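Residue numbers (our numbering): 36 to 374.
#1: For residue 289, list the residues DSSP reports as bridge partners.
#2: Work out the CA separation of residue 68 and residue 249 for me, nearest whole Å.
#3: Can you name the residues that DSSP bridges to residue 331?
#4: Which of helix, strand or coil does DSSP assign to residue 93?
#5: Using C-beta distances below 7 Å, list every residue in its chain close to residue 63, excluding the 5 sequence neighbours before and after it, in chain order.
#6: In chain order, what are the residue ranges of uninterrupted beta strand (DSSP E) at least 3 long that sit wholly in the segment 127-204?
#7: Taking only the alpha-carbon atoms, compute the straight-line gap between residue 140 and residue 292 and give it to the nearest angstrom.
#8: If we define contact as Cβ-Cβ less than 8 Å, is residue 58 a contact residue for chain C?
#9: Is the CB-CB distance between residue 152 and residue 101 below 8 Å?
#10: Spatial neighbours of residue 258 within its chain, please: CB distance less than 6 Å, with the 5 preceding and 5 following residues excluded, ordered by chain position.
#11: Consult DSSP for residue 358 and reduce its assignment to one of helix, strand or coil.
#12: Spatial neighbours of residue 53 within its chain, please: C-beta separation below 7 Å, excluding the five flanking residues on both sides.
#13: Using 8 Å as the threshold, is the segment 329-340 in touch with the segment 299-307, meaning 3 or more CB pairs across them?
#14: Assuming residue 82 is part of the alpha helix (DSSP H), what are its boundary residues?
#15: Determine the DSSP secondary structure at residue 302, reduced to helix, strand or coil.
#16: Tell me which residue opens and which closes the beta strand (DSSP E) that residue 42 is part of.
#17: Between the segment 225-236 and the segment 209-216, do three or more beta carbon pairs fall short of 8 Å?
#18: Let me confirm a value: residue 186 is counted as buried when at least 16 other C-beta atoms fall within 10 Å, else exposed. Which label applies?
#19: Could you check the C-alpha separation between residue 36 and residue 162 for me, to the nearest Å?
#20: Return the CA-CA distance between residue 43 and residue 127, expressed in angstroms with no decimal places.
#21: Quick one: what does DSSP say residue 233 is sitting in, helix, strand or coil?
#22: Look at the Cβ atom of residue 203, then the Cβ atom of residue 169, and state whether they are nearer than 8 Å.
#23: Residues in its own chain within less than 6 Å of residue 119 by CB, not counting five upstream and five downstream?
#24: Quick one: Cα of residue 359 to Cα of residue 150, how far?
#25: State the Cα-Cα distance for the pair residue 221 and residue 264, rounded to the nearest angstrom.
#26: Can you list, in chain order, the residues of its chain whose CB lies under 7 Å from that of residue 253, leaving out five sequence neighbours each side?
#27: Would you call residue 321 buried or exposed, if buried means 16 or more other Cβ atoms sit within 10 Å of its Cβ?
#28: Can you check whether the CB of residue 79 is closer than 8 Å to the CB of residue 50?
#29: By the DSSP assignment, the alpha helix (DSSP H) with residue 213 in it spans what residues?
#30: From which residue to which residue does the beta strand (DSSP E) around residue 370 run?
#31: Three or more C-beta pairs closer than 8 Å, one from the segment 340-350 and one from the segment 121-135: is that the case here?
#32: Would you please state the rounded distance, in angstroms, between the beta carbons of residue 173 and residue 104? I believe it to be under 8 Å.
#33: For residue 121, which residues in the same chain have their Cβ closer than 6 Å to its Cβ, ignoring the five residues on either side in sequence?
Structural data, given as structure tokens:
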């Protein structure tokens, strides 16, 4: 029998992105095969992988994308907690002999794992940890919304782990998908004040996630100079952005640097700080936020139209156009139709 093939978006080398054809792999015992449905872009990570500037090593060529969902069409023999027809988050293509993966989500066919069955059967954590976020979503959540679960779960876990959100004054710097998500999570976790600093054209989106105030990133008014915040979250991750945050961090407050633009090269001018502060550097565990994300999505408290506006959908074959739109900030997140 002729093996089935699939298409995927590949960063062949830094600066070169194209769609290629691959053979589908055989399924392992705990794996499920998915017909991939949709994926969303992550501006910071994706563009860094494409440009060859990602903070951590990437082996090229590599299939890109890490915010994708697929519908299960085939089960491995030891799968028992996932079912045919389930829509699964973080499904992705696997590495091939000729191509690595930079998560591998932008493909027409993908694989996910029954993490719970692997744990029950005694497989070591080293073999299973990467699959914890491959979770089925309830049938009343549409696949497009499910794509956003990756971003929503990451940011919810991040701010929950920082702690102390209840009645806190929170400043978020950056109005991309992550900034909007962090601001929304802070609001849902009962922060007293949420201020978002971002591009002027996205003020309406800031209002949609219910920030108390939206500040123009390029021209912050002098009236904000003396304001202090208990938690400051920088989604950009450059020396300039971090140092611009420090004067607004209250003594005893917490600084979280979520962005990776200059990771490993940041130069922080501590003299700009008001006093002693805590640097949060514990990351997140996406999977731990799954159940709460499901609840808020079902309740309508997480509205996908904030992150995915009209005109943000592109077919996989137009993958370069997706990133043109992302670079120009025509969209917050591009939606890639995989089938």
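Beta carbons are placed, not taken as given, at the ideal position from N, Cα and C, and that holds for glycine.
All values derive from a computational prediction rather than experimental measurement.
By the coordinates alone:
#1: In the chain shown, the residue the question calls residue 289 occupies position 254. In the DSSP output, where bridge partners are listed per residue, residue 289 has 266, 313.
#2: Walking along the chain shown from the start, residue 249 turns up at place 214. Walking along the chain shown from the start, residue 68 turns up at place 33. Taking the straight line joining both Cα atoms gives about 43 Å.
#3: Along the chain shown, one-based indexing puts residue 331 at 296. DSSP, once it has assigned bridges, lists no residue as partnering residue 331.
#4: Your numbering for residue 93 matches position 58 in the chain shown. Coil.
#5: As a working mapping, residue 63 is identified with position 28 in the chain shown. Counting only Cβ-Cβ distances below 7 Å, and skipping sequence neighbours, we find 111.
#6: 135-137, 144-148
#7: As a first step, residue 140 must be located in the chain shown, where it is residue number 105. As a first step, residue 292 must be located in the chain shown, where it is residue number 257. Going by the C-alpha atoms only, they are around 25 Å apart.
#8: As a matter of chain content, chain C is missing from the structure shown, which is built from one protein chain.
#9: Taking the first residue of the chain shown as position 1, residue 152 is located at position 117. Taking the first residue of the chain shown as position 1, residue 101 is located at position 66. It is not a contact, given that the beta carbons lie outside the stated cut-off.
#10: Here residue 258 refers to the residue found at position 223 of the chain shown. Confidence at residue 258 is low in this model, with a pLDDT of 48, below 50, so its placement is unreliable and no value can be given for it.
#11: On the chain shown, position 323 is the one that residue 358 refers to. Here residue 358 sits in helix by DSSP.
#12: Translated into positions along the chain shown, residue 53 becomes position 18. 45, 47.
#13: no
#14: Here residue 82 is taken as the residue at index 47 of the chain shown, counted from 1. Its alpha helix (DSSP H) spans residues 78-86.
#15: For this step, residue 302 is matched to residue 267 along the chain shown. DSSP places residue 302 in coil when its eight states are reduced to three.
#16: Here the question's residue 42 lines up with position 7 in the chain shown. Its beta strand (DSSP E) spans residues 40-48.
#17: yes
#18: In the chain shown, residue 186 corresponds to position 151, counting from 1. With 16 or more other Cβ atoms within 10 Å, it is buried.
#19: Within the chain shown, residue 36 is the residue found at index 1, counting from 1. Within the chain shown, residue 162 is the residue found at index 127, counting from 1. For residue 36, the predicted model reports a pLDDT of 46, less than 50, meaning its position is unreliable; a value from the coordinates is still stated below. Answer to the nearest angstrom: the Cα atoms are 31 Å apart.
#20: Taking the first residue of the chain shown as 1, we reach residue 43 at position 8. Taking the first residue of the chain shown as 1, we reach residue 127 at position 92. For residue 43 and residue 127, the distance between alpha carbons rounds to 10 Å.
#21: On the chain shown, residue 233 is found 198 positions in, with the first residue counted as 1. In this structure, residue 233 counts as strand in the three-state DSSP scheme.
#22: Residue 203 sits at position 168 when you count from the first residue of the chain shown. Residue 169 sits at position 134 when you count from the first residue of the chain shown. No; because the gap between Cβ atoms is not below 8 Å, this pair is not in contact.
#23: Counting from 1 along the chain shown, the entry for residue 119 is found at position 84. Once the five neighbours on either side are set aside, the close Cβ partners of residue 119 are 107.
#24: Looking up residue 359 in the chain shown gives position 324. Looking up residue 150 in the chain shown gives position 115. If I take the Cα positions, the gap works out to 36 Å.
#25: In the chain shown, counting from the first residue as 1, residue 221 sits at position 186. In the chain shown, counting from the first residue as 1, residue 264 sits at position 229. Answer to the nearest angstrom: the Cα atoms are 13 Å apart.
#26: Counted from its first residue, the chain shown places residue 253 at position 218. Around residue 253: no qualifying Cβ.
#27: Sequence index remark: in the chain shown, residue 321 carries index 286 (1-based). That one is buried.
#28: Taking the chain shown and counting its residues from 1, one reaches residue 50 at position 15. Taking the chain shown and counting its residues from 1, one reaches residue 79 at position 44. No, the pair does not count as a contact, with Cβ atoms beyond the cut-off.
#29: Working through the chain shown from its first residue, we reach residue 213 at position 178. Run containing residue 213: 212-223, per the alpha helix (DSSP H) assignment.
#30: The count along the chain shown starts at 1 and reaches residue 370 at position 335. Taken as a continuous stretch (DSSP letters only), the beta strand (DSSP E) holding residue 370 covers 370-372.
#31: no
#32: In the chain shown, residue 173 corresponds to position 138, counting from 1. In the chain shown, residue 104 corresponds to position 69, counting from 1. Residue 173 to residue 104, Cβ: 13 Å. No contact.
#33: In the chain shown, counting from the first residue as 1, residue 121 sits at position 86. Only 107, 171 meet the Cβ criterion.
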